[in-house]
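The structure under discussion appears below in the form of structure tokens.
There are 2 protein chains.
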Amino acid sequence: MKEKMHLLRQKLIEADDLEKAAAVLSWDQSTYMPPGGAAARARQTATLAQLAQEKFTDPAIGKLLDELTPYAESLPYDSDDAALIRVTRRQYERMTRIPAEFVGKMSEHTSQAYAIWAEARPANDFARVQPYLEKTLDLSRQLAEFFPGYEHIIDPLVGFSDYGMKASSIRRLFAELRKELVPIVQAITAQPPADDSCLRKRYPQDQQLALGKEVASQIGYDFQRGRLDLTHHPFETNFAVGDVRITTRVKENLFGECLFGVIHESGHAMYEQGVRPELDGTPLGGGTSSGVHESQSRLWENLVGRSRNFCEFFYPRFQAMFPEQLGDVPLEAYYRAINKVERSLIRTDADEVTYNLHVMLRFDFEMDLLEGKLAVKHLPEAWNERFLADIGIQPQDDKDGCMQDVHWYGGLIGGAFQGYTLGNILSGLFYEAALKDHPDIPAQIRQGQFDTLRNWMTEHIYQHGSKFTADELVMRITGGPIRIEPYIQYLRTKYGELYDL
Amino acid sequence: MKEKMHLLRQKLIEADDLEKAAAVLSWDQSTYMPPGGAAARARQTATLAQLAQEKFTDPAIGKLLDELTPYAESLPYDSDDAALIRVTRRQYERMTRIPAEFVGKMSEHTSQAYAIWAEARPANDFARVQPYLEKTLDLSRQLAEFFPGYEHIIDPLVGFSDYGMKASSIRRLFAELRKELVPIVQAITAQPPADDSCLRKRYPQDQQLALGKEVASQIGYDFQRGRLDLTHHPFETNFAVGDVRITTRVKENLFGECLFGVIHESGHAMYEQGVRPELDGTPLGGGTSSGVHESQSRLWENLVGRSRNFCEFFYPRFQAMFPEQLGDVPLEAYYRAINKVERSLIRTDADEVTYNLHVMLRFDFEMDLLEGKLAVKHLPEAWNERFLADIGIQPQDDKDGCMQDVHWYGGLIGGAFQGYTLGNILSGLFYEAALKDHPDIPAQIRQGQFDTLRNWMTEHIYQHGSKFTADELVMRITGGPIRIEPYIQYLRTKYGELYDL
């Protein structure tokens, strides 16, 4: 069995090498590649992705998995070998159901669709993307159909990023959350909006980047095993447990775009940097789901980075770095500015309270589109109507309406958005559990100490990589299923105090 | 046949995608990768290299080549299809003779050997690298033995980088060159050395980089299809005809390290950027040999970049950028400083006159080592003896003696060095031919115009990629074989005037 496990690992690592190489090419494309490189790069990345898929779906791996299953069943559930066989089998079965030809077609289509969207969005030209989006929807449906026996057609797509989650369970969580959120949003937005003018001065790029690096380093992102670069659409990417990179963008007229972006990506990255090195290069070597990943980016960005304790430690440093811009702005004003809640158009700019409403409407649209209840051509009007009902304002155009997010235009319809709100819910859950074990974490944050919190996350979440599903992690940590209460409680306490609710 | 050609191209491009991906990973490793990424990166690059080799040596390619050979023979020699079949067959036969297992062993050994050398060189510890170098020699011999029927054991290794060249022809060229060079070096070094103190002031890194970019751009390196980054050991690399990158290093106490390095790499890069896009992604899509490649880097660096005409155009700009350092240094003094000839220890720092003597002794050592005339353990003393005889000074240690170049420690013994001097010889030959067609090129350079020269190179050399061998290019351009006279004539005229010989 040892030999078979060794052989399985070798084959998995070879496939992973190709995937990680594709990730390097993609990072390069988003950071440093000159314009002339685009055409060949698309082809090179596609070749790598296809070969990675071929290597991963090699029937020899299927055979090894069959032979190793009795061995896995003889081991404790949480042993590395059992988890590797279990998680690999799950992914292997998923991948072998999708024909390589379909993967090629999908990849070709989505890169075309993305290119069209990138041109059509600034031109506010929904008609131009419509046929591409229709094809994306068609392909997304076909993809789901490779996994018959689902309760809802979105379930297989959701399962790719949040294994174990389904339309039914997500709908229930989201409905509970909405019931709690709507009154909070109403109560806050009934008051005069917070003044965030202190953030809207001129903050030079180099200083913002330097500050981002300093903060990321202080909270525990390891620059010996990572780096920070500029890009258009910030992301975190992982080439190995020793090379987990983050990217950011800077708006010189908006303090926070860079800083909170960097903290957000650092949250993702610390998760990947915290995986046990023994799991690296295998299907266990990375964050387990979109929701758990987002729980870390959102926890560090919002529950930590936008907390009063965090500000008490860092704000004097910010003032020292930007004396002209922040020197005479009191901490309280800064704290209120970075936690301004408002009804706004763009999901990625939304505050942490309204953010989830943005996500929920997208998830509902994905279900409606996949079910055939909503035709792509009617998406703009449906969007605007629902947006007004949920967020309380009316988009002026499709550019900042149903064309604002890349997800549908460069990938799938279905499975792309639920992770953000699951992440918010989980961030509250995990933070509460960490505080229960270490009630002095807030006091430590006020001292600029983040080790206890990060080590707790490493112990309970990061080190395990993908060994456990989101549900399993929650069960191990809290002894029960996912609950929205800790997150709601967090929002109530913080915004109750801020807005005197 | 059309269909078979299409299939052949597709298969070649797939293999090329993997090679180019490996090149991206390697560029990243040399420029931006954090230290923690090293272990996984070595494995990832090795996986890509091995798969590229597997794809390229696919028997289906061999079969297509067999089927297409009659078609190739029916076409004009210089047609794209004929050249693709001819050059691919040559490479295919070469690659299929080397067992994949040997490639893996070689690649593993050389990355180990490189790592040891990188530590042992600063410690001046030849004993530490000796066993690795012995294994490299052994593997180099084994590699050559896969190609029986050679005249000299170095010939197959030379043929990898300079196809068509052999020990016998190179020895003859080098002997002729040595006969001419030695008296020139003696005459120059009998005089007091040139004063290059103006280059040895403080030149801030950012300004040097900005200047390098400006000059590269002006001579015709296209930044829309390339970029310049910092690294330890500068190189040029090509991911596609639309993405050809250069790297440099900056010494703040030495003007020229960056500037001439950038011009040198721009020469390599303009060659790659000038290849006809139709050839991209195939074995024709890149420079044809090490010698022809070096001819371009050396031509632009030395024949152009260190010429009086070039200085007349650019030097006022340099003075404006560095008024404190160069403001009161006359052009003549700068021109003499950048063309200082001296007996020195390090090949990469050598001037263009003595440079070839550094190369020739290495080529002779490679032959002696491969023939078994010289044992690795005797290399240090043999080096020092020969160095004194040829260059006229005695290395103080192995660090700056036989351990100074990475080539033997991170690759093969044999075939690594001859290209540099072939390049110098060819730079003279090609420049003379360009001047014959366009006698006003020097006057244009004095005006900062480089298009005529670059377009001539594109027409006669760059556009063809690897369609023709070095010998064929020279025959097409000059109607005869490679000759040293134009290069010697160039050196005689330039240094005769500089040193009043």
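Protein chains in written order, with my numbering: chain Y, 1126 to 1626; chain S, 1126 to 1626. Where a beta carbon is used, it is the ideal one built from N, C-alpha and C, also for glycine.
Name, please, each residue of chain Y whose Cβ falls closer than 7 angstroms to the Cβ of VAL1149 (chain S). Taking the first residue of the second sequence as 1, we reach residue 1149 (chain S) at position 24. Here the neighbours are VAL1149, LEU1150, ASP1153.
Separation of MET1485 (chain Y) from GLN1216 (chain Y), as counted between CA atoms: As a working note, residue 1216 (chain Y) is residue 91 in the first sequence. As a working note, residue 1485 (chain Y) is residue 360 in the first sequence. Rounded to the nearest angstrom, the two C-alpha atoms are 27 angstroms apart.
Could you please give the first and the last residue of the uninterrupted beta strand (DSSP E) stretch that includes ALA1365 (chain S)? As a working note, residue 1365 (chain S) is residue 240 in the second sequence. 1361 to 1365 is the extent of the beta strand (DSSP E) around ALA1365 (chain S).
Give me the chain S residues within the contact set of GLY1367 (chain Y), using Cβ-Cβ distance strictly less than 7 angstroms, ordered along the chain. As a position in the first sequence, residue 1367 (chain Y) is number 242, starting the count at 1. Within 7 angstroms Cβ-Cβ: GLY1161, GLY1162, ALA1164, ALA1165.
Distance check for ASN1509 (chain S) and HIS1234 (chain S), CA to CA, integer angstroms please. In the second sequence, residue 1234 (chain S) corresponds to position 109, counting from 1. In the second sequence, residue 1509 (chain S) corresponds to position 384, counting from 1. Each residue's Cα considered, the two are about 27 angstroms apart.
Taking 8 angstroms as the cut-off, does the segment 1571 to 1580 of chain S touch the segment 1503 to 1523 of chain S (at least 3 CB pairs, one atom from each stretch)? no
What is the DSSP secondary structure of THR1407 (chain S), counted as helix, strand or coil? As a working note, residue 1407 (chain S) is residue 282 in the second sequence. Here THR1407 (chain S) sits in coil by DSSP.
Going along chain S in order, which residues have a C-beta closer than 8 angstroms to the C-beta of GLU1139 (chain Y)? Taking the first residue of the first sequence as 1, we reach residue 1139 (chain Y) at position 14. Going along chain S in sequence order, the residues near GLU1139 (chain Y) (Cβ under 8 angstroms) are THR1172.
So, is GLY1430 (chain Y) buried or exposed, given that buried needs 16 or more other C-beta atoms within 10 angstroms? Here residue 1430 (chain Y) refers to the residue found at position 305 when the first sequence is read from its first residue. Counting Cβ neighbours within 10 Å, GLY1430 (chain Y) comes out buried, since at least 16 surround it.
What is the residue span of the beta strand (DSSP E) that ILE1371 (chain Y) lies within? On the first sequence, position 246 is the one that residue 1371 (chain Y) refers to. It spans 1368 to 1373 - the beta strand (DSSP E) in which ILE1371 (chain Y) sits, taken as one unbroken run.
Under 9 angstroms from the C-beta of ALA1146 (chain S): neighbouring residues of chain Y: Indexing the second sequence from 1 puts residue 1146 (chain S) at position 21. Those are LEU1143, ALA1146, ALA1147, VAL1149, LEU1150, GLN1169, THR1170, THR1172, LEU1173, listed as they occur along chain Y.
So, LEU1404 (chain Y) versus GLY1410 (chain Y), is the Cβ gap smaller than 7 angstroms? What you label residue 1404 (chain Y) is simply residue 279 of the first sequence in a count that begins at 1. What you label residue 1410 (chain Y) is simply residue 285 of the first sequence in a count that begins at 1. Contact: yes.
Where do the ends of the beta strand (DSSP E) carrying LEU1190 (chain Y) lie? Start at 1 with the first residue of the first sequence, and residue 1190 (chain Y) comes out as number 65. Not the beta strand (DSSP E): LEU1190 (chain Y) falls in the alpha helix (DSSP H), residues 1184 to 1198.
Closer than 8 angstroms at the beta carbon, the chain Y residues around ASP1405 (chain S): In the second sequence, residue 1405 (chain S) corresponds to position 280, counting from 1. Within 8 angstroms Cβ-Cβ: ALA1165.
7 angstroms Cβ cutoff met for GLY1548 (chain Y) and GLU1419 (chain Y): One-based indexing of the first sequence puts residue 1548 (chain Y) at position 423. One-based indexing of the first sequence puts residue 1419 (chain Y) at position 294. Closer than 7 angstroms, so yes.
Taking contact to mean 3 or more Cβ pairs, one atom from each stretch, closer than 8 angstroms, check whether the segment 1535 to 1554 of chain Y and the segment 1286 to 1305 of chain Y are in contact. yes
Is there at least one Cβ from chain S nearer than 7 angstroms to ARG1082 (chain Y)'s Cβ? Residue 1082 (chain Y) lies beyond the range of chain Y shown here (1126 to 1626); nothing can be said about it.
Nearest by alpha-carbon distance to GLY1605 (chain S): which of S:ASP1565, S:PHE1555, S:TYR1624, S:THR1577 is it? The residue labelled residue 1605 (chain S) in the question sits at position 480 within the second sequence. Selected option, being the one with the closest Cα: S:PHE1555.
Quick one, are the C-beta atoms of GLY1386 (chain Y) and THR1373 (chain Y) less than 7 angstroms apart? Indexing the first sequence from 1 puts residue 1386 (chain Y) at position 261. Indexing the first sequence from 1 puts residue 1373 (chain Y) at position 248. Yes, these two residues count as a Cβ contact at 7 angstroms.
Candidates Y:GLY1367, Y:LEU1355, Y:LEU1384, of which the one nearest VAL1340 (chain Y) by Cα: Translated into the one-based positions of the first sequence, residue 1340 (chain Y) becomes position 215. With distances taken between Cα atoms, VAL1340 (chain Y) lies closest to Y:LEU1384.
Going by DSSP, what residue range makes up the alpha helix (DSSP H) through ASP1354 (chain S)? For the purposes of this step, residue 1354 (chain S) is taken as the residue at position 229 of the second sequence. It is not in any alpha helix (DSSP H) - ASP1354 (chain S) instead sits in the beta strand (DSSP E) that spans 1353 to 1355.
Let me know the secondary structure DSSP gives ARG1511 (chain Y) once reduced to three states. Here residue 1511 (chain Y) is taken as the residue at index 386 of the first sequence, counted from 1. Residue state, collapsed to three classes: helix.
With H, G and I counted as helix, E and B as strand and the rest as coil, what does DSSP make of PHE1593 (chain Y)? Counting from 1 along the first sequence, the entry for residue 1593 (chain Y) is found at position 468. Coil at PHE1593 (chain Y), not helix or strand.
Once the 5 residues before and after VAL1454 (chain S) are set aside, which same chain residues still bring their CB inside 6 angstroms of it? Taking the second sequence and counting its residues from 1, one reaches residue 1454 (chain S) at position 329. Once the five neighbours on either side are set aside, the close Cβ partners of VAL1454 (chain S) are CYS1323.
Count the other CB atoms within 10 Å of the CB of TYR1257 (chain S); is the residue buried (16 or more) or exposed (fewer)? Along the second sequence, one-based indexing puts residue 1257 (chain S) at 132. TYR1257 (chain S) is buried by the Cβ-count criterion.
Residue range of the alpha helix (DSSP H) that GLY1621 (chain S) falls in? Walking along the second sequence from the start, residue 1621 (chain S) turns up at place 496. Note, GLY1621 (chain S): alpha helix (DSSP H), 1610 to 1624.
Return the first residue and the last residue of the alpha helix (DSSP H) that TRP1152 (chain S) is part of. For the purposes of this step, residue 1152 (chain S) is taken as residue 27 along the second sequence, with counting starting at 1. Residues 1127 to 1156.
Partner residues on chain S for ASP1351 (chain Y), Cβ-Cβ distance less than 8 angstroms: Counted from its first residue, the first sequence places residue 1351 (chain Y) at position 226. The residue asked about is misnamed: residue 1351 (chain Y) is Gly in this sequence, not Asp. Neighbours of GLY1351 (chain Y) on chain S, chain order: PRO1159, GLY1161.
Euclidean distance between Cα positions of ARG1601 (chain Y) and GLU1584 (chain Y): The residue labelled residue 1601 (chain Y) in the question sits at position 476 within the first sequence. The residue labelled residue 1584 (chain Y) in the question sits at position 459 within the first sequence. Roughly 12 angstroms between the two C-alpha positions.
Given that a residue counts as buried once 16 or more other Cβ atoms are within 10 Å of its Cβ, and exposed if not, what is VAL1307 (chain S)? The count along the second sequence starts at 1 and reaches residue 1307 (chain S) at position 182. Classification for VAL1307 (chain S): exposed.
For a test of the three-state rule: what should DSSP assign to LYS1502 (chain S), helix, strand or coil? Position 377 of the second sequence, counted from the start, is the residue given in the question as residue 1502 (chain S). If DSSP states are grouped into helix, strand and coil, LYS1502 (chain S) belongs with the helices.
Can you give the Cα-Cα distance for ASN1363 (chain Y) and MET1130 (chain Y), rounded to whole angstroms? As a first step, residue 1363 (chain Y) must be located in the first sequence, where it is residue number 238. As a first step, residue 1130 (chain Y) must be located in the first sequence, where it is residue number 5. Computed Cα separation, rounded: 24 angstroms.
Helix, strand or coil for ASN1434 (chain Y)? Go by DSSP, reduced to three states. Taking the first residue of the first sequence as position 1, residue 1434 (chain Y) is located at position 309. Three-state result, ASN1434 (chain Y): helix.
If I'm right that LYS1465 (chain S) touches ALA1319 (chain S) with Cβ under 8 angstroms, what's the distance once you round it to whole angstroms? Stepping through the second sequence from its first residue, residue 1465 (chain S) is reached at position 340. Stepping through the second sequence from its first residue, residue 1319 (chain S) is reached at position 194. Yes, LYS1465 (chain S) and ALA1319 (chain S) are in contact; Cβ-Cβ is about 4 angstroms, under 8 angstroms.
What residue does the alpha helix (DSSP H) around HIS1563 (chain Y) start on, and which one ends it? Within the first sequence, the letter at position 438 stands for residue 1563 (chain Y). Element bounds for HIS1563 (chain Y): n/a, residue is neither H nor E.
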